[in-house]
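Colleague: If you want my numbering, it's the 1-based position in the sequence shown plus 42.
From the three backbone atoms N, C-alpha and C, an ideal C-beta is built for every residue, glycine too.
In this text, all values refer to a predicted model and were calculated from it rather than measured experimentally.
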Amino acid sequence: MEPVQLTPAQESTLEVLRRDAEPLVFERDRVDTLIAEFTDAFEHLASRVEATGGDLFINKSRLTSVLGCEEQHLNGDSFEWNTRNAVGTVSHRAIELLVHWRAEIIPADLVDEAIARLIEAGSGVGPFLAGLREADLADLRGPCIDAVVKFLETFPPLDRRWAPVVESSLRWPARGAVTLAGKADLVIGRSAGPESRKVIIDLKTGGAYPNHLDDLRFYALLETLRTGVPPRKVAGFYLDAGRVVPEDVTLEMLRSAMHRTLDGLGSAVELLEGRSPVKRPQSSCRWCSLNGECEEGIAHLAELADRYD
Numbered sequence: 043m044e045p046v047q048l049t050p051a052q053e054s055t056l057e058v059l060r061r062d063a064e065p066l067v068f069e070r071d072r073v074d075t076l077i078a079e080f081t082d083a084f085e086h087l088a089s090r091v092e093a094t095g096g097d098l099f100i101n102k103s104r105l106t107s108v109l110g111c112e113e114q115h116l117n118g119d120s121f122e123w124n125t126r127n128a129v130g131t132v133s134h135r136a137i138e139l140l141v142h143w144r145a146e147i148i149p150a151d152l153v154d155e156a157i158a159r160l161i162e163a164g165s166g167v168g169p170f171l172a173g174l175r176e177a178d179l180a181d182l183r184g185p186c187i188d189a190v191v192k193f194l195e196t197f198p199p200l201d202r203r204w205a206p207v208v209e210s211s212l213r214w215p216a217r218g219a220v221t222l223a224g225k226a227d228l229v230i231g232r233s234a235g236p237e238s239r240k241v242i243i244d245l246k247t248g249g250a251y252p253n254h255l256d257d258l259r260f261y262a263l264l265e266t267l268r269t270g271v272p273p274r275k276v277a278g279f280y281l282d283a284g285r286v287v288p289e290d291v292t293l294e295m296l297r298s299a300m301h302r303t304l305d306g307l308g309s310a311v312e313l314l315e316g317r318s319p320v321k322r323p324q325s326s327c328r329w330c331s332l333n334g335e336c337e338e339g340i341a342h343l344a345e346l347a348d349r350y351d
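(1) At what residues does the alpha helix (DSSP H) containing THR55 begin and finish?
(2) In the DSSP assignment, what residue or residues form a beta bridge with THR221?
(3) In whole angstroms, what is the alpha-carbon distance linking GLY248 and PRO149?
(4) Mapping the DSSP letters down to three states, classify ARG183 as helix, strand or coil.
(5) Do TRP123 and VAL153 have their C-beta atoms closer together than 7 Å?
(6) By Cβ distance, which residues of its chain are closer than 8 Å to ALA172, with the 5 residues on each side in sequence left out?
(7) What did DSSP end up calling ALA205 once you bin it into helix, strand or coil?
(8) Determine the extent of the alpha helix (DSSP H) in which GLY278 is found, giving its start and end residues.
(9) Is it a yes or a no for the stretch 283-296 touching the stretch 251-266, going by three-plus beta-carbon pairs under 8 Å?
(10) Taking ARG144 as the reference, give the member of GLY224, LEU174, ASP201, LEU255 with the closest Cα.
(11) Could you please give me the residues that DSSP links to ILE243 through a beta bridge?
(12) Using alpha carbons as the reference points, say which of ALA226, PHE279, ARG302 lies closest to SER211.
(13) With a threshold of 16 other CB atoms inside 10 Å of the CB of MET43, please say whether the residue is buried or exposed.
(14) Run through the DSSP bridge pairs and tell me what TRP143 is partnered with.
(15) Since GLU289 is in the beta strand (DSSP E), which residue starts that stretch and which ends it?
(16) Kindly give me the distance between the Cβ atoms of THR266 and LEU228, rounded to whole angstroms, as I take these residues to be in contact under 8 Å.
(17) Helix, strand or coil: which one does DSSP assign to VAL67?
(18) Please classify PRO50 as buried or exposed, where buried requires at least 16 neighbouring CB atoms within 10 angstroms.
See below:
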């Protein structure tokens with residue numbers, strides 16, 4: 043079999059994700075100390091949640107939410123599915139199928155199969171997709187096929203020896219009043235003893251935002267808590283730009299993720315205990331369910347409109 047000819051973008055991505063010749067092994071004592079410090083603080087907060095009789099589920103979205111506007115965090119937003127925001131979910135599902143697809147790779151077939159499976163699931167975006175007219179489905183399929191083609195052009199073919207896993211769930215601890223959870227779009231590599239080999243990747247169909255790296259650092263922390271072995275790298279892969287934005291995992295990065303997670307969890311616990319939420323106007327005021335009655339949000343959106351008018 044002739045070797046696969048890579049595009050320059052694929053070669054660039056492969057070079058970024060490739061392991062160094064020198065194995066990466068974190069100092070066991072320092073990793074154990076970080077885990078112990080986090081566990082102690084976590085268990086204290088979890089005991090406070092148990093005292094309320096409630097429970098908390100914290101994923102990357104809820105962590106970002108509670109560290110932003112607490113009022114919005116408690117009240118949610120006015121999110122509704124439409125063909126534009128469904129593109130990311132359908133594209134992700136199609137690319138997940140692609141990773142282990144054994145038939146001829148035809149992007150349109152992958153997108154159609156992704157839509158069918160999401161409808162069959164009956165939750166999330168499924169009911170919205172099931173109700174679309176044929177013309178609306180055509181509007182949706184176009185950008186989804188585009189995303190799959192861009193992935194094929196810019197991400198190197200996934201070798202089975204890399205042990206690629208899609209929709210990799212992370213959850214810690216196994217039980218209790220507080221659960222930290224995540225789901226990585228793609229994980230390549232697997233730990234070998236104490237050596238760190240994993241790369242956790244999130245696929246993005248839009249632009250890059252600061253919280254994207256925060257999300258990946260949260261995943262790196264969960265992986266460390268779960269296995270005791272940190273991943274070696276995290277990365278956002280931006281389909282429209284055809285570029286990977288990586289970050290090497292370090293103990294300093296994990297410690298930063300630890301403090302951010304505990305800060306968010308602490309705020310969530312205080313809100314559960316009855317503390318009044320703090321309003322922090324931000325760009326998400328645009329789709330907040332309170333945007334017609336929150337004075338701070340209205341003033342913030344007016345300021346943004348004046349600034350960019």
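Modeller: Answer, in terms of the structure:
(1) 50-59
(2) PHE99
(3) 19 Å
(4) helix
(5) no
(6) ILE161
(7) coil
(8) First-last for GLY278: 275-280, but that is the beta strand (DSSP E), not the alpha helix (DSSP H).
(9) yes
(10) ASP201
(11) LEU228, ALA277
(12) ALA226
(13) The predicted model places MET43 with a pLDDT of 43, which falls under 50 and marks its position as unreliable, so this point remains unresolved.
(14) DSSP, once it has assigned bridges, lists no residue as partnering TRP143.
(15) 285-290
(16) So it is not a contact: roughly 19 Å between Cβ atoms.
(17) strand
(18) exposed
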